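**Q**
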Amino acid sequence: MTSSSRIVAVYPGSFDPVTLGHEDVARRTLRVCDHLIVAVAHSSSQPKRHLFPVAERLEMLRAVFAEEPRIECVSFGGLLVDFARRRGARFIVRGLRAVSDFEYEFQMAQMNRELSQEVETVFLAPDVPFSFLSASLVREVASLGGEVRGFVSPVVREHLRRRLA
Ligand code: PNS
542 MTSSSRIVAV YPGSFDPVTL GHEDVARRTL RVCDHLIVAV AHSSSQPKRH
592 LFPVAERLEM LRAVFAEEPR IECVSFGGLL VDFARRRGAR FIVRGLRAVS
642 DFEYEFQMAQ MNRELSQEVE TVFLAPDVPF SFLSASLVRE VASLGGEVRG
692 FVSPVVREHL RRRLA
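Adding 541 to a residue's 1-based position in the sequence shown gives its number in our numbering.
(1) Using three-state DSSP, classify threonine 560 as helix, strand or coil.
(2) Along the chain, where does the alpha helix (DSSP H) that runs through histidine 700 open and close?
(3) Would you decide whether glutamate 655 is buried or exposed? Buried here means 16 or more other CB atoms lie within 10 Å of its CB.
(4) Mind checking which residues open and close the beta strand (DSSP E) that includes leucine 665?
(5) Does alanine 580 pass the burial test, meaning 16 or more other C-beta atoms within 10 Å, or should it be called exposed?
(6) In whole angstroms, what separates the C-alpha of serine 616 from that of proline 594?
(7) Alpha carbon to alpha carbon, what distance is there between serine 585 and glycine 618?
(8) Counting contacts by CB-CB distance shorter than 9 Å, is valine 595 in contact with chain D?
(9) Contact defined as beta carbons within less than 8 Å: I believe leucine 665 pairs with arginine 568. What is the distance between those atoms, to the nearest angstrom?
(10) Is it the case that the CB of serine 585 approaches a heavy atom of the ligand PNS more closely than 8 Å?
(11) Which class does proline 567 belong to by DSSP, given the choice of helix, strand or coil?
(12) Smallest Cα separation from serine 541: which of Glu597, Val573, Leu571 and Ser694?
(13) Hey, is glycine 562 close to the ligand PNS, as in C-beta under 8 Å from one of its heavy atoms?
Laid out in structure tokens, this is it:
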């Protein structure tokens, strides 16, 4: 396969931390691309306080996708569309869980289209058990001593345990 015929996708996010829902969306994306770049943003469109530093979020992503040779985990600064262009990505993938996600996602997709006509945003629905799941809920449950086994991989659960100890 030539490098120009290889379909590259970017799955951007905060991944603070990566949940089973994120993992599901990333693995589904592998059905429609050859190479997936899971990209942790240094700058978010929404003001947020993060639980984990970017380096630790990347460490968790690399651990959960260690068995997926077609998934690369990196961080990026600046505009997502510039990063996608530099990496030759044809599309940006985002998970869409419920109608409540739509407004924020639609705004971002339209803004990204204004910024670059070269890259398309594609939405994938996670599997039903993950349709309610968000990193912010996982952080809240974990910080209040709740069990997050069903929501994150064991390696992420361990990072949460250590950080919130
Ligand atoms: O997981 P999140 O926090 O919903 O992800 C949001 C993210 C990182 C995809 C978005 O904030 C982003 O693309 N940030 C990079 C900066 C950028 O390009 N901003 C303009 C996007 S409309």
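The beta carbon of each residue, even a glycine, is placed where N, CA and C say it ideally should be. No experiment lies behind these values; they were computed from the predicted model shown.
**A** Looking at the atomic coordinates:
(1) coil
(2) 695-705
(3) exposed
(4) 661-665
(5) By the neighbour-count rule (16 or more Cβ atoms within 10 Å), alanine 580 is buried.
(6) 11 Å
(7) 10 Å
(8) Looking at the structure shown, chain D is missing, and only one protein chain is on hand.
(9) Between leucine 665 and arginine 568 a beta carbon distance of about 10 Å is seen, past the 8 Å cut, so the two are scored as non-contacting.
(10) yes
(11) According to the sequence shown, residue 567 is alanine rather than proline. Correct three-state label for alanine 567: helix.
(12) Nothing can be reported for residue 541, as the shown portion of the chain is limited to 542 through 706.
(13) no
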